[in-house]
Structure formats: structure tokens, C-alpha cells
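Here the protein sequences come in this chain order: A and B.
Note that our numbering numbers the first sequence so that position 358 is 677, with each residue one more than the last.
Note that our numbering numbers the second sequence so that position 382 is 701, with each residue one more than the last.
In this text, a Cβ means the ideal position worked out from N, Cα and C, and glycines have one as well.
2 protein chains.
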Amino acid sequence: MNTGELTDLGQQLRVDSVRAAAAAGSGHPTSSMSAADLMAVLLARHLRYDFDRPAHPGNDRFVLSKGHASPLLYSAYKAAGAIDDEELLTFRKLGSRLEGHPTPQRLPWVETATGSLGQGLPVGVGIALAGKRLDRTGYRVWVLCGDSELAEGSVWEAAEHAGYEHLDNLTVVVDVNRLGQRGPTRHGHDLDAYARRFQAFDWHTIEVDGHDVDAIDRAYGEAASTKGQPTAILARTLKGKGVEGVQDREGLHGKPLPEADEAIAELGGPRDIRVRVQEPPAARMLHSVHTGNFDLPTWDKGEEVATRNAFGQALAALGTGRGDIVALDGEVGDSTRAEFFAKEHPDRYFECYIAEQQLVASAVGLAARGWVPYAATFAAFLTRAYDFVRMASVSGAGINLVGSHAGVAIGEDGPSQMGLEDLAMMRAVHGSTVLYPCDANQTARLVGAMAGLEGVRYLRTSRGESPVIYGPDEDFPVGGSKVLRSSDSDRLTLVAAGVTVHEALAAADALEREGIRARVIDLYSVKPVDRAALRKAAEETGCLVTVEDHHPEGGIGDAVLDAFGDGRPVPRLVRLAVRSMPGSASPDEQLHAAGIDAESIAAAGRLLVEEAVVP
Amino acid sequence: MNTGELTDLGQQLRVDSVRAAAAAGSGHPTSSMSAADLMAVLLARHLRYDFDRPAHPGNDRFVLSKGHASPLLYSAYKAAGAIDDEELLTFRKLGSRLEGHPTPQRLPWVETATGSLGQGLPVGVGIALAGKRLDRTGYRVWVLCGDSELAEGSVWEAAEHAGYEHLDNLTVVVDVNRLGQRGPTRHGHDLDAYARRFQAFDWHTIEVDGHDVDAIDRAYGEAASTKGQPTAILARTLKGKGVEGVQDREGLHGKPLPEADEAIAELGGPRDIRVRVQEPPAARMLHSVHTGNFDLPTWDKGEEVATRNAFGQALAALGTGRGDIVALDGEVGDSTRAEFFAKEHPDRYFECYIAEQQLVASAVGLAARGWVPYAATFAAFLTRAYDFVRMASVSGAGINLVGSHAGVAIGEDGPSQMGLEDLAMMRAVHGSTVLYPCDANQTARLVGAMAGLEGVRYLRTSRGESPVIYGPDEDFPVGGSKVLRSSDSDRLTLVAAGVTVHEALAAADALEREGIRARVIDLYSVKPVDRAALRKAAEETGCLVTVEDHHPEGGIGDAVLDAFGDGRPVPRLVRLAVRSMPGSASPDEQLHAAGIDAESIAAAGRLLVEEAVVP
């Protein structure tokens, strides 16, 4: 395409963006119009992509970080022949694939769900890491960002990561239209302000007029040929470009154009330019899945092993058996034991330093390219990345997250290091799996099982050692539980997971000495929860005590009640959890102070079987 | 103090750090030793602080962002005479004020809890904003960071904010000891790499030998006299400085020194230098709390008003009545309606742009200085700041967070913009309050009530309009609820909040037409929850339907069950919530698709009273 044709294509993308938003009665046409020329040149001259084969290993990868500019993306799909005009006009309607913000759950050409700003570049870095270090099929990653979203720290985590890793297969194009949602951005059209920042993080930068198609073309060419550095193209644009009444004006973010028909006429009317997108080069995926020749580690009953150690060993073994397993660390691999994987599989280990948003985003990017990532840090610090976990679920990304140092049981380090909200956070994620093992053999099995699940999977591990209570051949299906104590005369059920399983067992022993038989359930699968076992226990024993090393909200107590939310009779129950703010103390002191140790469990159980209300 | 004395003081801080960690059997002496000279010079020559009067408005403010170096902080407190040696050696023990990571809940000289890296600078920016724009008593803010934590994006959000706001009352001192937890940092001793980054964000930078007390002294002087820019001092240091066996060595992070006695001898043995810290200048707080002459806005029953609008109007009115109210925006003030406050009180409005971590951190910093902050963004995007919310709770910070655009009811924008995990996230925070109003008058009252609460307060608002159902004089105590329908023959209770209150009312009407009387409870106070009303409803009606525009985990259904976790009989119940991943659709279509509209509620209620299990 020549200059005139590219310019025409940009106008077509604008017209179609205006039309889609007008048909929907909502959406972001002005944010689409500013980036239309940037998109036109990319689509027609630089992107190498087979829309009929989105899984083609040689395809370039495009991420629309400014996801609200979805009309532009869908207009580009139409120009590429991937969707037709009729579908374009279903934008934002019930059942349409063309959502307000793009998601790979609906559209095969979308790499990752966007709409929470500042996430597209971090995920793009993850994809670029896959391309550079693992896939090596030569694809480029193109990320189109807004200027407003450069205020997000996650963008600079990503910039730091990409610069340090010399990701020259990555180009970010910043649509500097100077207007955010509620008014001007911090830096307006000061392209240099952005360039200075990217340069400081060791990026190559190019400043360009974002409406000059030839200049854009040269910038893309320069980016593609720059070696050893990622490139940021800072493009000066106008929001609403091409329609006098809205161009460069405030107060028009996220609104259909007031006079759509006139605007379309002003843009030269509808066109029907069809772009022949460049074919990707022939390529094949390098990661082979070999599943032979590996055994998960096992331990003998009675050994004292921290579940974080079992995780590290199991992951290393899994990595030996499966070539598609990768691991990511947030600069605490010696604590989480992810470093066990690093020692055996350094080529598939990604050090993300203390940057949990990039840790999770890299996992999402790697998963988008077919890898099976395990990202580990302290459970407490996964809270840093909650928006990324939430969006991973919107993407349908298959990622494994591992949070160590759960709960007050870590001891002296105090509350800043204690995962006490992690179960609530992870359970509330749509389609998530939440696992919390209590011994080494169970941990290893669950680490293996996680790899085959869908969506966001979370494993909670403990810092301290605990006795191995299961044999090496025991099976732990996801969604199951283990009944550790049971008799015909059980008068109550203690439901625990992780560190509290051992406390519950001790409590059951104490109660038994008093003549009170207690069933003990190890609820290692917190979500999905074993409804059948819980209902059976409720029917047979009448009442439950739940006990968890977590705040009372959203954790194991709530998970148990999930089995009784369909109108059936609900057992009486007492919920033991961490209800005060912990300080520094030894692990045993912590469990006692929180009222989740064996003594507290036994006391609660005693009152409950007496049908007393527990204070 | 002269050079020799300052050097001696540095050694004393090292010795005391080693001693404290040795007594505890855990802790981070090596990370304390690298920064000991930096701390010595600050304490003896630059900090203006009255340890007897930590609330003195003229006090400088010091934040130990690398909170794990708490032995250094406590050793400095000892040198300043704030604690004695006996207390120093209680470090990390049960009941001690000297926790593994410092928190203002225990110690009056601590501004904010640290221990989650990358948070000290953002909170320091919040304090510096208070100093510069509100307090104006001339205090300086000193933040001591580690080098590892500069990988956190939140640090660069903070750097961007501080540079843009010309916070020349802020100095960050980076202890570049080149070693993180598991090994070398990305940039090692390359001070220039860090300087380039800060400069790009418009900071003044100084590179210095962090063990040369005279050079440090000059750097602090230069920082204090630099106008128009914040200053970053990049200090080259050695981890474990002063003890040959550990100095600059890997694998010694977070461990007491192996041979503490020998190390202490090598450092010259214990000293008892007492520092006379400079007095702060006379100053008084400027923010006066005037509570007269303001009325919260009211609306007539039947009006259609979005609760986000009511929030904005109420906050603006509250700001008129109280001079200590401030508001913060994440560049969506036109959507959250925080901009209503901006128009009336621009001097107390803080635009944080799209940087939710800095949004919450600024609120924490402002609260530390006695202001009452309301920080607003979309409920979905508060997930971005969860670690900051969690740490605010560890700090005991009194902050108000307001999340708009809750749930599927926002309609077409799709799941990336929908707050569907926010109730779970906020409920799980220790000591939090979670409020979710359904009409404008209720919203206004709750906005007012929030200001007087402790800890983290969260208000959830809705995008769409809803009818005003309460009169302007109705009272809404926190921890209360409203019974909207009630009779002696109620056969079930519908428990709802926010948008689902209106659906529940319609469902009750529909059920009544079939001869089934339903009680309706508006559970506007999700935490603390109105246990008495729920228990009464359970006793009187036998069964409950909970309905929420939120994922099923951690929200209103779980809050309701919190009233029955003490062993008392639990009512049968059905929990309606958003169980599938929404797409784009109109608000009504969304409620229907999620099964939380009036029709779905009525259907569930019908089955429940028939004692059927609800599919």
C-alpha cells in the first residue's frame, strides 16, 4: 500500500469505529480515531499474521493495551477479512464476540484480555520473553498503549524487565493523544517526557507524528530492525482525529460521536478496503511435551518437611518430565523454593525480581504462547498482583500461582509477610482453583495436578516443617478431601487445611480422651470444595468446626458453607480463624494467640457438641 | 558530631542491629549494616524530630521503606533515647513493640507499616503531598529504600507523582548494597542506572559512597536545599558492612550473623553514644476541623439517582463542613463523581492519574498526617492496590476507599470494568468496614459516617440510576440493616444490598402475588454485618435467599453466614451471585443472565419455601 492507500485505510478504520460505537450506543470512538493511522500502517505493512491460523507459531502477536479502543481493533479485523461488517455492528451487544474490551475467550486473535490499563505491555513482555527465550520462531510482539496508562507502575515494571532482558522483538507504540478520561494527561504532547523515561529503562525510542503514515512506516521499520533493545514509538496524535467537532477536545472520552452520520461523511464516508496481511514465516513450536521418565518426589510418613520444599522439589521433577513447564520467581526463590526448578531447568526459569505484577503478567504472556507457568512468591505479596490475576481470569489464562509463607504460622516476621487474605482473594476469582496442602506428598501430587487444570490455579504453601501424614501413593483429586478420622459415633467434624490439619488432628485426639469422637476432614481443595464429603459429615455428625490460618472472611469457613447454599439444611458450625492483627511471635505462639491451635479447636468443639453458643 | 563521631555512631547502629537479631534468633542484620552510616548521619545531623512528641507538626517524617532493616531503625531509636537497651533486645518476641517489620500500631515514631517492599516511597509521597500542599509547616520527608525494591512499579508511580508535583520536601535515600534476597540485583552497584531512572522522572539525584559520613552529610544538605524537585540519593554500600565474614556476600539475607560475638568485637564492641536529635521548628497544624454549616444532600423518594452521584455530592458537602476531608482521584473523577469535590475544594483534591497504588498510598500518607482521605476509582481497579490496602490495615491507617461501577449492572463495558471481587477483597482486610448503599440518601449518610470510623473503610457505588427508597431523615448506622418488607407471616427472607435491593423488592412483590410473603433486608453494612437482624429473620422466617452483584465467594452471602458461625442453628439458604463470566450486554440483560434479577430471586424463593434444593 502506498501513502494514499494507507491514509484511506486509516480513515476507514475511523469510520468503522464511529459506526460500531453508534450502533452500540456506547464505546470509545475518539480513542480509536487517534490510533487509526498507527493501526492501519501496522496491519497493512508490518504485522505478519495469518488470521485463518491464529495459533500459527510464526504469527506476530498484537496486544491492544488500551482495550477501550476496541472499535479500532474490530475495524482492523474487518479490514483484514477476519470478521464481516454485520458482525462489526454487533459491538457490545448481548452474545456478540465483540465485547466492550477484547478478550481471547471470545476472539481467537486476541492474545490477552485488556481493559484494565497498564496490563497490555506487561503481558506483551511475557509473550516477548516466550518468543525470545523459548519459542524462537522469530515473531515480533506489538503493543499499542495509551498515554494515560503510562502512569501505571506496572508499565515501568514491564519497561525495566524488557530493557534488562534486551527484548528487541518487542515494540510498544504509544498513542499520545494527550487526553485521558477526565482531561489532559500529565505530559500532554510532550513526547520527549515519555521518551526520556523509556530511554532510562534502556529502550530505543522513536518520536513520530502519529498521523503521518510514511513516518509511522519508517518508525515500525526502525523498530523491527533495532537489535539488543526493545523499542518505544511515541506517536503524537489527536483524540477524535479527523472530525472537527470532537478532535482534540475534552469531555468526549468513552462516548459515541454526537453526530455520527455527519462525522462519517466528514471522514469521507464508508470504504471497503481489504488488507492483505503479510503471511508469517514458516515456523514450528520448539517446546515439546515429553511426559515420560519422571517421578514426583515422595516422602515417608513421619518425615518433617515444609510444603514449600515439597513444592520446589515437585516442580523441578515436573519440569524434567514436561518440556512445557516454566517457572517464574519474584526474587524470593530461595524462600518459595522455586529455585529448585532453577537449578535443574535454568533455561525455563524466569527471574522477575521484586515485581509481582510483572511476575503474574509474564505468566499470562507465557501461557498465551502455550507454556504452563508456575509463578511463586509469598502469598502476601500476590495481593500486589490481584488486578492481574483478575484479568487473567477474564482472559481464561491457564496460570499456576504459588503463595508461600501462608498465615500466622510463619512466626516472627509479623503481619506484613503473612498471607492472611490470599484464600479470599483467590477464591473470588472466576473459575479459579484453590489448593492448600498439609503435607509433602499431598503437595507434590497437587503440584502435578495443577498443570492439567484450566483457568487460574493457586497453591498455598507453608514456611515451617510439618509431619508427612499421607503415604506416597495416596491420590488427591482436585475437588476432593480426605477424611482423616472417622467413626460411627462422631459427634462433630473438624474441617481444616494446611497447617491447621495437624492442629485438628491433635484436637481430635484430645477430644477423644474426653469421650468425644470427632471426624477430621482435610479440605486440601478449598475450591472447588468437596461438597459431598461435607454434606455427609454434616448429616452424620450434625455440626462442624472450621479452622483456618487466614482471616475469617472468604477462606475455608466460607468454602465449607458453599456446600450448603442450595437450600438444604445447614449444620451448626463454629468458625475459627485469625481475628486479630498478629505481631511478632514464634509459630506456636501465633497459632495459640489466633485461637487456631489444637487447644482452641478442642475447646470450640467441646462447646459445640454441648449445643452451646461459642463466645 | 564530627566525622569520627558519626563513624562511631554508624558502628554502634551496626553492633546493636547484630545484637538485636542475635537475641531474636532471626531478623535482617546485614541489610541493617549496609545502611547504618546513612542512618547515623541522618539522625545526628539532619533529622528534625522530637521523640517525646511524635505528633509535633514540625517533625520531619522518616519512613523505612526497607522495613526488614528494622534492627537498624530500633537501634537508631535507642541512640536517640526513645527506647532502652533492654527493649531493643525484645526484638521479634511475643508482646514486644519491636516487630519484625515496624508498624505505627506499636510505635509512635513509625509513620507507616512497611515490610511489603516498594510501599515506603509511595506513602512518603503522600506525606510529602500533605506537607507541601496542606500542612505547610516545613517538615521534610526522608525515605530509606533498598535497591531491590526499585523493581516494584509502585516506586515509579511514586517517582512520577513526586517529580510532577515538584515535591522538594521529599528525599529518598537508596541503600544500593547490590544484593537482594536470593542474589545480586539487576543493576548491582551501577548507581548511574538508578540515577538515570529518577532523573527521567524529573528528580534531582546525587551519587554517594554510603559509608563516607562526610559525603553523606553533604548529600543530605544538598537534598534539603534543592528547590523544585525531589531528590534521590543513590548510596553505594556493602551489605553486612564492617564484618569481613558477611560483608558483600551472598546467601546471608535475613539471617542473624553466624558468629555474633566475634562480629560485635570486629565492629569495635558495644558503644553507648546518645544522639541529641535536632528539635523541629515551632509549628502548628493548619487544618482546622470546622463541623458547622453543612448539610448532606438529600433527595426525594422516587427520584432516580445513581449512588455514585450521591457519593460525589455528599463528599463535596462533607468537605464544606470539615476542613480535614481530602479527596483523591485515579483519573476517573468524572465517572466516580469525585470531581464534584474537586470543583468545590480544589485545594484538597489530589489527582493521582491512572496509578491506583499511588492513589491508595497517597491516602495512607495523608491519613498519617491527620487528614481524612477519600480515594475513589472503579471498584474493579482497586484490586490493583490490594497490597496497599492490606498494609494500610497493618498500619491501622484510617482511609476511605470508594469503588464505583460495581458488578455486572454496569452493562456493556464488560468484565474488565466490573467490580466483582471487591467485596471479598475488602471484607478480608482486618478491621475493615464495607458499605454498599442502594439509594442516594443512604449513600450520603454513609459517606458522612465513614469519616468517623477507624481502619480501612470501603464504599461500593453503582453506575446506573436507581430509585430513592429512603426518606432524607432515615438513619443508617454502620453495622445496621433495614427491613424493607416484613409481616408476621413471612416465609422467607431476601437479603440484598445495592442494586439487588431493588430486584429483591420486585421479587417480594411477585411472591406476594402468589401468596408467599417475603421479608426483605437491605444489608447496606456488609461488614460489620447486622447479626441481630439476620438472626431474627432466620428465626422468624426459617430460610434466606441472599442475592448479590458479585462473585459468590467472599461477598454478601458469606457476610450473612457470618451471623451464624458461633454454633447457633443456621437457616437454610440459597445464595444467588454472579457465577459465570459476563460479557457485554445491557444492565438488565446482565442481571438476568447472572441470575440475580427479580425473576431469578422469586424463582429461588419459591423453591426454597417448598423445601426443595435449588438447582
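What residue range does the beta strand (DSSP E) around residue i cover?
{"i": "Thr490 (chain B)", "result": "Leu489 to Val495"}
{"i": "Arg779 (chain A)", "result": "Val775 to Arg779"}
{"i": "Leu553 (chain B)", "result": "Thr550 to Arg555"}
{"i": "Phe669 (chain A)", "result": "Tyr668 to Glu670"}
{"i": "Ser785 (chain B)", "result": "Glu784 to Pro786"}
{"i": "Lys801 (chain B)", "result": "Lys801 to Arg804"}
{"i": "Leu813 (chain A)", "result": "Leu811 to Ala815"}
{"i": "Thr865 (chain B)", "result": "Cys862 to Val866"}
{"i": "Ala625 (chain A)", "result": "Glu623 to Ala625"}
Pick from the options: whose alpha carbon is nearest that of residue i?
{"i": "Arg627 (chain A)", "options": "A:Gly642, A:Glu675 and A:Gly652", "result": "A:Gly652"}
{"i": "Ser336 (chain B)", "options": "B:Thr639, B:Val691, B:Leu453 and B:Gly559", "result": "B:Gly559"}
{"i": "Gly437 (chain A)", "options": "A:Ala725, A:His387 and A:Ile535", "result": "A:His387"}
{"i": "Asp365 (chain A)", "options": "A:Glu541, A:Ala519, A:Leu824 and A:Asp494", "result": "Reading the sequence as shown, one finds His at residue 365 (chain A) and not Asp. Nearest C-alpha to His365 (chain A): A:Glu541."}
{"i": "Ala343 (chain B)", "options": "B:Gly434, B:Gly573 and B:Pro906", "result": "B:Gly573"}
{"i": "Pro786 (chain B)", "options": "B:Ala477, B:Gly817 and B:Glu833", "result": "B:Gly817"}
{"i": "Ala579 (chain B)", "options": "B:Thr431, B:Gly570 and B:Val565", "result": "B:Val565"}
{"i": "Pro421 (chain A)", "options": "A:Val691, A:Glu858 and A:Met710", "result": "A:Met710"}
{"i": "Leu754 (chain B)", "options": "B:Gly465, B:Ala747 and B:Val721", "result": "B:Val721"}
{"i": "Ala815 (chain B)", "options": "B:Val429, B:Ile835 and B:Asp849", "result": "B:Asp849"}
{"i": "Val928 (chain A)", "options": "A:Thr860, A:Arg568 and A:Arg505", "result": "A:Thr860"}
{"i": "Cys757 (chain A)", "options": "A:Tyr777, A:Ser781, A:Ala747 and A:Asp591", "result": "A:Ser781"}
{"i": "Leu778 (chain A)", "options": "A:Ile718, A:Thr556, A:Phe660 and A:Ile835", "result": "A:Ile718"}
{"i": "Gly834 (chain A)", "options": "A:Pro423, A:Ala921, A:His749 and A:Ala823", "result": "A:Ala921"}
{"i": "Asp881 (chain B)", "options": "A:Gly886, A:Ala478, A:Ala896 and A:Asp868", "result": "A:Ala896"}
{"i": "Met771 (chain B)", "options": "B:Arg641, B:Leu863 and B:Gly499", "result": "It is worth fixing the name first, because residue 771 (chain B) is Gly in this sequence and not Met. Gly771 (chain B) has its Cα closest to that of B:Arg641, out of B:Arg641, B:Leu863 and B:Gly499."}
{"i": "Ala584 (chain B)", "options": "B:Leu557, B:Val562 and B:Ala716", "result": "B:Val562"}
{"i": "Ala340 (chain B)", "options": "B:Gly902, B:Leu571, B:Leu853 and B:Arg455", "result": "B:Leu571"}
{"i": "Leu440 (chain B)", "options": "B:Lys385, B:Leu408, B:Pro390 and B:Val429", "result": "B:Lys385"}
{"i": "Trp475 (chain B)", "options": "B:Arg764, B:Ala551, B:His347 and B:Ser751", "result": "B:Ala551"}
Quick check: is any heavy atom of the ligand ATP less than 6 Å from the C-beta of residue i?
{"i": "Ser473 (chain B)", "result": "The ligand ATP is not part of this structure, which contains no ligands at all."}
On the DSSP bridge list, what partners appear for residue i?
{"i": "Cys304 (chain B)", "result": "This structure cannot speak to residue 304 (chain B), because chain B is shown only from 320 to 934."}
{"i": "Gln597 (chain A)", "result": "A:Arg367"}
{"i": "Asp648 (chain A)", "result": "A:Glu670 and A:Ala695"}
{"i": "Ile718 (chain A)", "result": "A:Val775"}
{"i": "Glu526 (chain A)", "result": "A:Leu553"}
{"i": "Thr752 (chain B)", "result": "B:Arg776"}
{"i": "Gly738 (chain A)", "result": "A:Ala725"}
{"i": "Phe381 (chain A)", "result": "A:Trp461"}
{"i": "Ile840 (chain B)", "result": "B:Val802 and B:Val814"}
{"i": "Pro503 (chain A)", "result": "A:Leu498"}
{"i": "Leu615 (chain B)", "result": "DSSP, once it has assigned bridges, lists no residue as partnering Leu615 (chain B)."}
{"i": "Val889 (chain B)", "result": "A:Val889"}
{"i": "Lys846 (chain B)", "result": "B:Val753"}
{"i": "Leu895 (chain B)", "result": "B:Val866"}
Flag residue i as yes if its beta-carbon sits less than 7 Å from any beta-carbon of chain E, otherwise no.
{"i": "Ile673 (chain B)", "result": "Among the protein chains in the structure shown, which are A and B, there is no chain E."}
At what residues does the alpha helix (DSSP H) containing residue i begin and finish?
{"i": "Trp690 (chain A)", "result": "No alpha helix (DSSP H) contains Trp690 (chain A), which DSSP labels as neither H nor E."}
{"i": "Tyr513 (chain A)", "result": "Leu510 to Ala519"}
{"i": "Gln438 (chain B)", "result": "Counting along the chain, Gln438 (chain B) falls outside any alpha helix (DSSP H), and DSSP gives it neither H nor E."}
Exercise. Going along the region 354 to 369 of chain A in order, which residues come within less than 8 Å of chain B, judged by CB to CB distance?
Worked result: none
Exercise. Looking at C-beta atoms only, is the number of pairs between the region 407 to 421 of chain A and the region 449 to 464 of chain A that lie closer than 8 Å three or more?
Worked result: no
Exercise. Can you list, in chain order, the residues of the region 870 to 885 of chain B whose Cβ is nearer than 9 Å to any Cβ on chain A?
Worked result: His870, Pro871, Glu872, Gly873, Gly874, Gly876, Asp877, Ala878, Leu880, Asp881, Phe883, Gly884 and Asp885
Exercise. Can at least three beta-carbon pairs, one atom from the region 479 to 490 of chain A and one from the region 630 to 643 of chain A, be found at a separation below 8 Å?
Worked result: no
Exercise. Of the residues that make up the region 398 to 417 of chain B, which ones have a beta carbon closer than 9 Å to any beta carbon in chain A?
Worked result: Phe410, Arg411, Lys412, Leu413, Gly414, Ser415, Arg416 and Leu417
Exercise. At a cut of 8 Å, does the region 501 to 516 of chain A reach the region 364 to 379 of chain A through at least three beta carbon pairs?
Worked result: no
Problem set entry | Members of the region 683 to 702 of chain A that neighbour chain B once the beta carbon cut-off is set at 8 Å | Ala699, Phe700 and Thr702
Exercise. Is the region 532 to 539 of chain A in contact with the region 350 to 362 of chain A, if contact means three or more CB pairs nearer than 8 Å?
Worked result: yes
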